[in-house]
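Sequences listed follow chains A and B, in order.
Quick note, in our numbering, the first sequence goes up one by one and the last residue is 180.
Quick note, in our numbering, the second sequence goes up one by one and the last residue is 292.
Backbone N, C-alpha and C define an ideal beta-carbon position, used for all residues, glycine too.
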Amino acid sequence: MQTVKMVVTGPFSSGKTAFIGSVSEIPVVRTERKVTDGTRSVKEQTTVAMDFGRITVDKDLSLYLFGTPGQKRFDFMWEILSEGMLGFVVLVDSARPETFREARRILDTFRSYSNTPYVIGANKQDDEDAWPPEDLKIALGLDQNTRVLPCVATQRESVKSILLELLYVILENAAEEPSPRSRKK
Amino acid sequence: MALKGNLKDVGLNQLLNLIYLAHKTGALTIQRDGGGTAARLYFREGKLIQAAMDGQTARLTDIMVQVGKLTADQAKAIRARSKVDTDKELGLLMIQNNVLNQTDIVQGVKNYLLESVYTLFTWHTGTFRFDPNVLPPEERITVAVSLDHLIIEGSRRVQEWEHLRDELPDLDVPLKFAERPDVNIRNINLSVEQWKVISFINARNTIRQIASFLKVDEFQIRRIVYGLQTAGLVDVLPSTLPPGATAAVPLPPPAAPPVGRGVLMRVIDRIRKI
Chain A
-4 MQTVKMVVTG
6 PFSSGKTAFI
16 GSVSEIPVVR
26 TERKVTDGTR
36 SVKEQTTVAM
46 DFGRITVDKD
56 LSLYLFGTPG
66 QKRFDFMWEI
76 LSEGMLGFVV
86 LVDSARPETF
96 REARRILDTF
106 RSYSNTPYVI
116 GANKQDDEDA
126 WPPEDLKIAL
136 GLDQNTRVLP
146 CVATQRESVK
156 SILLELLYVI
166 LENAAEEPSP
176 RSRKK
Chain B
19 MALKGNLKDV
29 GLNQLLNLIY
39 LAHKTGALTI
49 QRDGGGTAAR
59 LYFREGKLIQ
69 AAMDGQTARL
79 TDIMVQVGKL
89 TADQAKAIRA
99 RSKVDTDKEL
109 GLLMIQNNVL
119 NQTDIVQGVK
129 NYLLESVYTL
139 FTWHTGTFRF
149 DPNVLPPEER
159 ITVAVSLDHL
169 IIEGSRRVQE
179 WEHLRDELPD
189 LDVPLKFAER
199 PDVNIRNINL
209 SVEQWKVISF
219 INARNTIRQI
229 ASFLKVDEFQ
239 IRRIVYGLQT
249 AGLVDVLPST
259 LPPGATAAVP
269 LPPPAAPPVG
279 RGVLMRVIDR
289 IRKI
C-alpha cells in the first residue's frame, strides 16, 4: 500500500480541522484540547498535535491529510509533519487581518523546510468581512504566480477544489522535472 | 465588501500597495486608536485624489493656506466673493484675481495630499476600513497623485521609524542630562519640541510619560529624543527588560519524495469523485 501525504497549515483558528473533516472518509483523528490561554475568546478547543484524515484512492494508494497545530507554541511539530509531503495548503482566515502576518510567517517556515508546491486557501469567504483572494494575495506580499483560492472549509466542494488545484500545481512541477531516464544521460 | 483591519496588522504602506496594484476606487478611513484623529483618503483607479483629516474635507482656500500659497486674509477675501462654496468657484476666483494660477493650485493640492498621507505613516495603530466606490463630495477639488512614489517615501519613513525604534526600543525609561556633554552647548540650536522635552527631564518621568504630557506620538518622541541623544545632550538609562529570544536558525530542506504522474492522476481522479 502506497501512501501520499499533504499538509494543511495556517494560523490558529484558520479552519484546518474543518478543512480536513470536509473530505476525509474517516472521522478526523483529532487531538484537540481546551484552550487555556488568551486565544480562548476565538475558539474553545484547538489542535495541539495534529489532525489526521484519509482518502483511499484505490486498494494500493491512500492520500493522508495532516493538519498542523495552529498555536505558535506547538510549531516544533511543523517540521515533523512536513517530512515527505507532496505539497501543502496554507489556510488563512480572510476575515481576520490580524492573522495575515502569522500566515505569511507560517508559509515562509514551510517553504524553508521544503520546496514542495503549495496553494493558499482564502478561507471563510462566506463571512461578510472576508478579504477577497486577490486582495489577500497583495496583503500577504505574495508574487503574482502564487495561487490564492477562495475557500469555505466547511463545504466539501470548496475543499475539493483547493486540493485539486494543489494537485495540478504538483503535476505541473512534476512535468518540469527531468524523467529518470533523461537524468541518466 | 469593505476591507477592515488594524494598522498594527496591515500597515499603511501595505494598504496603499494593495490599492495601487488592484487599481481600487473608494475611500480608506483610518481611525487612530483611543477615539482620536480620523483620516479619510479617496482613491480613483489606484490613484490618490483627495484627503480629509479630522472628518472634514478641507476647502480649496484652506488647503492653499495650509501649503503656504495663500495668506489667511487672502483666503478670507476669496471666500467672501464666492457665491457657492465649491472648490471650482474658489479656484476660478483665485485665478481671475491673479492670486494664483492653475499650476499653483494643482501643485498646492498635490502637496497637501502628500503631506496628509506622510502624516499617516506615523500612525502605527488604529483601525482602517476601505469602502469601495465611495468618492469625495462633488464640491471638493480632486487631483490624481500616483501612489508609487508615495509608497517609496512611505517605506523610507517606515524604515526611519524602525531605525528609531531600534535605537530607542524602550520608552518606559527616564532620561537624564549628559554629565559631560561632548559638545559645545553654545553652538547648539534646539527646536521648540526639543526644548519642551528637555523641560520634562527628571528621574521620575519616563520617555512615554513625557510623550503623553506633550501629546506627541511614539514616532515623534523617539525622533526628538534621538536628536538630543546624538547631540550628546541627554542619556537614556538602560532598559531593565530581559533580552528577547533569538530567532531560530532555519533547518536545511529535506528532499521531496519522488511521486510519479500516474500516482498524481489517480489521486486527482479520486478527489474529483468525492
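Rounded straight-line distance, which links the Cα of residue j to that of residue i
i	j	result
aspartate 80 (chain B)	aspartate 105 (chain B)	10 Å
aspartate 235 (chain B)	valine 277 (chain B)	56 Å
threonine 4 (chain A)	phenylalanine 237 (chain B)	36 Å
threonine 104 (chain A)	glycine 250 (chain B)	43 Å
aspartate 122 (chain A)	aspartate 130 (chain A)	15 Å
aspartate 138 (chain A)	leucine 39 (chain B)	12 Å
alanine 98 (chain B)	leucine 25 (chain B)	41 Å
serine 173 (chain B)	isoleucine 239 (chain B)	20 Å
lysine 87 (chain B)	aspartate 72 (chain B)	22 Å
tyrosine 59 (chain A)	arginine 91 (chain A)	28 Å
valine 124 (chain B)	arginine 77 (chain B)	13 Å
arginine 99 (chain A)	valine 28 (chain B)	12 Å
asparagine 116 (chain B)	alanine 117 (chain A)	56 Å
glutamate 114 (chain A)	glycine 10 (chain A)	Residue 114 (chain A) is actually valine in this sequence, not glutamate. Valine 114 (chain A) and glycine 10 (chain A): Cα-Cα distance of roughly 15 Å.
glutamate 97 (chain A)	proline 64 (chain A)	13 Å
methionine 72 (chain A)	methionine 82 (chain B)	60 Å
Sheet register partners of residue i (DSSP bridge)
i	result
aspartate 181 (chain A)	As shown, chain A starts at -4 and ends at 180. That puts residue 181 (chain A) outside it, with no answer to give.
methionine 71 (chain B)	B:Ala57 and B:Gln74
threonine 47 (chain B)	B:Arg58 and B:Arg147
tyrosine 113 (chain A)	A:Phe83
threonine 224 (chain B)	B:Pro192
lysine 65 (chain B)	B:Arg62
asparagine 118 (chain A)	A:Asp88
For residue i, the three-state DSSP class (helix, strand or coil)
i	result
valine 124 (chain B)	helix
isoleucine 61 (chain A)	This sequence places phenylalanine at residue 61 (chain A); isoleucine is not what is there. Of the three classes helix, strand and coil, the one that applies to phenylalanine 61 (chain A) here is strand, per DSSP.
proline 145 (chain A)	strand
glycine 245 (chain B)	helix
leucine 102 (chain A)	helix
glycine 23 (chain B)	strand
lysine 130 (chain A)	The amino acid occupying residue 130 (chain A) in the given sequence is aspartate; lysine does not appear at that position. Of the three classes helix, strand and coil, the one that applies to aspartate 130 (chain A) here is helix, per DSSP.
Any chain A beta carbon closer than 8 Å to residue i
i	result
proline 260 (chain B)	Summary for proline 260 (chain B): the model assigns pLDDT 46, below 50, so the residue's position carries little reliability, and this model does not support an answer.
leucine 36 (chain B)	yes
aspartate 51 (chain B)	no
glycine 23 (chain B)	yes
valine 252 (chain B)	no
glutamine 32 (chain B)	yes
isoleucine 286 (chain B)	yes
arginine 290 (chain B)	yes
aspartate 27 (chain B)	yes
methionine 112 (chain B)	no
is_contact[residue i, chain B] using C-beta, thresh 8 Å
i	result
proline 92 (chain A)	yes
proline 6 (chain A)	no
leucine 60 (chain A)	no
valine 52 (chain A)	yes
alanine 117 (chain A)	no
isoleucine 133 (chain A)	yes
arginine 96 (chain A)	yes
lysine 11 (chain A)	no
glutamate 129 (chain A)	yes
**Complete runs of the beta strand (DSSP E) confined to the region -3 to 28 of chain A [at least 3 residues]** = Counting only runs of 3+ residues, the beta strand (DSSP E) found wholly inside the region -3 to 28 of chain A occupies -3 to 4, in chain order.
**Prompt:** Counting only runs that start and end within the region 122 to 198 of chain B, where is the alpha helix (DSSP H) found for 4 or more residues in a row?
**Reply:** As summarised for the region 122 to 198 of chain B, the continuous alpha helix (DSSP H) elements at least 4 residues long and confined to that stretch are 165 to 185, given in chain order.
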